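In the UniProt record's numbering, the protein residues as written are 1 to 198.
Working notes for the structure below.
Written out as structure tokens, the structure is:
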């Protein structure tokens with residue numbers, strides 16, 4: 001299996017399987033663990049721990065009051081896109097106190113999905129800033145939560161101050177096909193960036 005980096009120029013050949021590392025990121029409680037679990041063809045590795053009373057003053061549970069666990073290191077899953085391409089998904093932790101891990105997790109990443117929750121859009125700004133600074137291409141997946149207000153892609157793009165070139169896709173990360181569509185959008189974006197403009 002060959003690992004494919006964004007600037008490697010490696011193209012799938014007959015009989016070769018290429019692997020790509022993709023990050024699934026965003027704020028606390030936005031659905032990163034859910035997305036990795038929904039699309040993974042293997043039992044996902046999760047580093048979930050119970051939320052404690054000590055985190056009550058630190059973690060903002062508004063909009064996700066029923067959340068009882070949190071990712072403390074990473075989530076890991078795998079999805080085969082086609083016979084020549086396998087994606088390894090790394091879900092990042094969402095709380096500020098775990099951001100020190102993002103640099104390590106992002107090493108070798110081809111691209112990223114930044115999940116956004118329109119009830120708490122400010123939670124995805126650190127992820128957007130991180131990927132813009134590090135030069136890792138990303139797309140934004142707007143996780144449409146039950147009971148949340150509906151916005152279209154352009155309203156979310158405007159609220160996040162994104163460049164027109166950054167794809168934004170509405171999704172429901174609980175649904176495998178919806179999550180796969182976000183990953184395909186990222187792959188299409190990566191191809192567009194890799195092909196020189198004519």
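Here a beta-carbon is modelled for each residue, glycine too, at the ideal position from N, C-alpha and C.
Only a predicted model underlies this, so the values are computations on that prediction, with no experimental measurement involved.
Please determine, among the options, the residue with the shortest C-alpha to C-alpha distance to residue i.
i	options	result
residue 36	20, 88, 83, 27	88
residue 91	107, 32, 145, 122	32
residue 82	167, 16, 165	16
residue 28	43, 165, 19, 74	74
residue 171	86, 185, 163	185
residue 18	86, 43, 93, 105	86
So, at 7 Å on beta carbons, what are the nonlocal neighbours of residue i in its own chain, with the 5 sequence-adjacent residues on each side left out?
i	result
residue 38	173, 174, 175, 176, 179
residue 128	114, 160
residue 41	78, 79, 80
Which residues does DSSP pair with residue i in a beta bridge?
i	result
residue 171	143
residue 151	Its beta-bridge partners do not exist; DSSP assigns none.
residue 119	Paired residues: none, contrary to the question.
residue 23	90, 112
residue 213	This structure cannot settle anything about residue 213, because the visible part of the chain is limited to 1 through 198.
residue 138	112
Give the C-beta separation of residue i and residue j to the nearest angstrom, bearing in mind that I take them to be a contact with Cβ-Cβ under 8 Å.
i	j	result
residue 45	residue 76	4 Å
residue 109	residue 21	5 Å
residue 24	residue 124	The pair is not a contact, with the Cβ atoms about 12 Å apart (cut-off 8 Å).
residue 153	residue 168	4 Å
residue 137	residue 193	6 Å
residue 190	residue 111	5 Å
Considering only residues of the same chain and omitting the five flanking positions on each side of residue i, which have a CB-CB separation below 6 Å?
i	result
residue 133	none
Can you list, in chain order, the residues of its chain whose CB lies under 8 Å from that of residue i, leaving out five sequence neighbours each side?
i	result
residue 107	none
The region 108-117 / the region 138-154 touching (three or more Cβ pairs under 8 Å): yes
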